[in-house]
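Engineer:
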Amino acid sequence: MTANAWIRSIIGLAVVALPSISAAQNEHPAKPPDSLYAELAKAPKKAAARRNPLETDAEAPVAGGKLYAQHCAECHGENAEGGKKGPSLRVPDVQQATPGALFWLLTNGVVRKGMPVWSKLPDAQRWQLVTYIKSLGTGS
Amino acid sequence: MTTSDPPPLGWIVLFLKFVSLVALLLVVVISADAQESPYFVTYDHYLEEPGSLEVEYFSTFGTQRGASDFNAYWMEFEYGATAWWTTELYLDGQTTFGDSTLFTGFRWENRLRLLKSEHIINPVLYVEYEQINEADKIIKEVEGHDVEADHAVPNAELRQGHSHELELKLLLSSTHNGWNFAINPLAVKNLTGGDPWEFGYAIGASRPLALKASANKCNFCRENFIAGIEMYGGLGDRHSFGLNETSHYFAPVIAWNLPSSWTLRLSPGFGLNDNSHQFLLRWGVSREFSGFGATMARLFGGR
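Chains as they are written, first to last, in the numbering used here: chain A, 1 to 140; chain B, 1 to 303.
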């Protein structure tokens, strides 16, 4: 195969792939983010009842804030006020959810609605995130 | 070439413009911190975050008995199309010392998450199309009866052989107490010849050096490092399944996830039998960019 043929193949692939990718990207804004809150209620009772082992850890909210900025702020907004792709985490649906339900949602994601699974973060880091989210309250 | 064909220089200019456009887009989108796996060959079940683009460069130095050592390298553009679909483009090349440097082909990989939530074992379907020539030495997977001697032939001869391959993998992965365990059986079919289906495997285990995040933003915090091992090799083909005339490797792996959204990976690999390259030294650098998908969507008329 000549260099020209290689370059044609690459450009052709890009031309085919980019609109598909754009179309896939548009899946998320079309869906109301509020529907994600309903997912919290789907946490199994045993999972929802789990206590946060880092609830009283003084460093957990700070470390959780750091993790939030790294992994969550892009979708949920810098101050968790909500963004184009992710809903606000300061609403009562989230703040009144049990730590166990939040942990369960972080672990499992809502894959069909654009929220990835975060089980690649170790349990302790997900609990740090839960501590941070619960520390936000419902204020703006 | 007919008179209606654009001159070669025109295609190169067009390609450079495309690369420049992508580079420009990467400058304007936001960088994102990543928690990347340390594996080079094995895949876990975690996909790229939706809308994020990860640009990666990898290199494999390999020793070669009976010919010159080589350095093979590849670029990866990994994009999270949705939370359940990641698509990826590879561009491969290699330099064989004392011989030549050449571009060896491209691969288009797709990973599809099959289950919507986490389970003890999480399956992901991997489908890849490869258009490469036989000089490709990145050893991103080992299949069939791949052996070290395949790479001992001069590049000028190897590059004459082309393959259009379909590669299927089932990525099975589990994470427990910070440990990730992954096993990837694979099947490959060369679409151009009458070659039979070839088989191979990759297995890996890894864990962050610390499970809790520290409160400070730091480069050298233990939680930024993920270490592990991987092992991979061929399992023959449909007519001769098994370990006979196959090569196998064992490799410690480590990844360093920097808060500045860069990830560095390093892995010395060791051949486990006489059919394997004795030593492979792999390293890689990658950076993740979030917001790439939204930028592309705007560019192509999306919202």
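Beta carbons: idealized from backbone N, C-alpha and C, even for Gly.
1. Thinking C-alpha only, which one of B/P154, B/F199, B/S276, B/H145 is nearest B/K169?
2. Can you name the start and end residues of the alpha helix (DSSP H) that B/E223 belongs to?
3. Determine the direct distance from the alpha carbon of A/Y132 to that of A/A97, and round the result to whole angstroms.
4. Quick one: list the residues of chain A neighbouring B/S290, beta-carbon separation under 8 Å, in chain order.
5. Could you check what DSSP says for B/G194 in three-state terms: helix, strand or coil?
6. What residues in its chain sit with their C-beta under 6 Å from that of A/G77, if we drop five residues either side in the sequence?
7. Report yes if the CB atom of B/G284 is closer than 8 Å to the CB atom of B/Y90, and no otherwise.
8. Any idea what DSSP makes of B/Q160, helix, strand or coil?
9. What's the C-alpha gap between A/N108 and A/G114?
10. Alpha carbons only, please: which of B/A255, B/D69, B/R113, B/E128 is nearest the one belonging to B/E230?
11. What first and last residue would you give for the alpha helix (DSSP H) that runs through B/M296?
12. Do you know offhand how far B/S163's Cα is from B/N184's?
13. If we define contact as Cβ-Cβ less than 8 Å, is A/R50 a contact residue for chain B?
14. Tell me which same chain residues have a C-beta within less than 6 Å of the C-beta of B/T87, skipping the five on either side of it?
15. For the beta strand (DSSP E) containing A/L105, list its first residue and its last residue.
16. Just grab the DSSP bridge partners of B/Y129 for me.
17. In whole angstroms, what is the alpha-carbon distance linking B/Q131 and B/L280?
18. Under 6 Å Cβ to Cβ from B/E167, same chain only, skipping five residues before and after it: list those, please.
19. Identify whether A/T131 lies in helix, strand or coil by the three-state DSSP scheme.
20. Going by C-alpha distance, which of B/H277, B/W84, B/S261, B/L235 is nearest B/F250?
21. Could you give the first and the last residue of the continuous alpha helix (DSSP H) run that contains A/D93?
22. When you compare only the Cα positions, how much space is there between B/V253 and B/P268?
23. Going along the chain, which residues of the region 96 to 116 of chain A sit with their C-beta nearer than 7 Å to a C-beta in chain B?
24. Quickly, what does DSSP pair B/K189 with across the bridge? List them, please.
25. Are B/G234 and B/V142 touching if we call contact CB-CB under 8 Å?
26. Can you tell which of B/E148, B/L47, B/G98 has its C-alpha closest to the C-alpha of B/G274?
27. Tell me the residue span of the alpha helix (DSSP H) that contains A/H76.
28. What residue range does the beta strand (DSSP E) around B/A251 cover?
29. In chain order, what residues of the same chain have a beta carbon less than 6 Å from the beta carbon of A/A80, not counting five sequence neighbours either side?
30. Using beta carbons (cut-off 8 Å, strictly below), is B/W74 in contact with chain A?
31. Starting from the beta carbon of A/V35, find every residue of chain B whose beta carbon is closer than 8 Å, and list them in chain order.
32. Could you round the C-beta distance between B/G51 and B/S290 to whole angstroms and report it? I think they count as a contact, below 8 Å.
33. Determine whether the beta carbon atoms of B/P208 and B/L172 lie at a separation below 8 Å.
34. Going along chain B in order, which residues have a C-beta closer than 7 Å to the C-beta of A/S119?
35. Leaving aside the five residues before and after A/M86 along the sequence, list all residues of the same chain whose C-beta is less than 6 Å from its C-beta, in chain order.
36. First and last residue of the alpha helix (DSSP H) that includes A/E39?
Structural biologist: Quick answer:
1. Ranking the options by Cα distance to B/K169, first place goes to B/F199.
2. Here B/E223 belongs to no alpha helix (DSSP H), and DSSP marks it neither H nor E.
3. Going from the Cα of A/A97 to the Cα of A/Y132 covers about 14 Å.
4. Within 8 Å Cβ-Cβ: E74.
5. Taken through DSSP and simplified to helix, strand or coil, B/G194 comes out as coil.
6. Excluding its 5 nearest sequence neighbours in each direction, A/G77 has C-beta neighbours in its own chain below 6 Å: G83, listed in chain order.
7. Result no, Cβ atoms of B/G284 and B/Y90 do not sit closer than 8 Å.
8. In this structure, B/Q160 counts as coil in the three-state DSSP scheme.
9. Each residue's CA atom was taken as its position, placing A/N108 and A/G114 some 12 Å apart.
10. Measuring from the Cα of B/E230, the nearest candidate turns out to be B/A255.
11. Element bounds for B/M296: 292 to 299.
12. About 22 Å.
13. No - not a single Cβ of chain B is within 8 Å of the one on A/R50.
14. If we look at B/T87 and ignore the five residues flanking it on each side, its Cβ neighbours are Y79, A81, N110.
15. Bounds of any beta strand (DSSP E) do not take in A/L105; it lies within the alpha helix (DSSP H) bounded by 99 to 108.
16. B/Y129 is bridged by DSSP to B/W108, B/L166.
17. Looking at the two C-alpha atoms, the distance is approximately 24 Å.
18. Closer than 6 Å at the Cβ level, and outside the excluded window around B/E167, lie E128, V188.
19. Here A/T131 sits in helix by DSSP.
20. Comparing alpha carbon positions, the residue from B/H277, B/W84, B/S261, B/L235 closest to B/F250 is B/H277.
21. Start and end: 92 to 95.
22. In a straight line, the C-alpha of B/V253 is about 7 Å away from that of B/P268.
23. Listed by position, the residues of the region 96 to 116 of chain A near chain B (Cβ gap below 7 Å) are T107, N108, G109, V111, R112, G114, M115, P116.
24. Paired residue(s): B/L166.
25. Yes. Within cutoff.
26. First, the amino acid is wrong: residue 274 of chain B is Asp here, not Gly. The candidate whose alpha carbon is nearest that of B/D274 is B/E148.
27. 73 to 76 is the span of the alpha helix (DSSP H), which, as asked, contains A/H76.
28. 248 to 257 is the extent of the beta strand (DSSP E) around B/A251.
29. Here A/A80 has L89, R90, L136 as same chain residues with Cβ atoms under 6 Å from its own Cβ, once five neighbours each way along the sequence are excluded.
30. Using a CB distance cut-off of 8 Å, B/W74 does not count as an interface residue toward chain A.
31. Checking the sequence shown, residue 35 of chain A turns out to be Ser, not Val. Within 8 Å Cβ-Cβ: nothing; A/S35 doesn't reach chain B, min ~14 Å.
32. Confirmed, Cβ separation roughly 6 Å.
33. Contact flag unset, no.
34. By Cβ distance, chain B contributes E118, T175.
35. Per the sequence shown, the amino acid found at residue 86 of chain A is Gly instead of Met. Close CB contacts of A/G86 within its chain, under the 6 Å cut and outside five residues either way in sequence, are with C75, H76 (chain order).
36. For A/E39, the enclosing alpha helix (DSSP H) stretches over residues 37 to 40.
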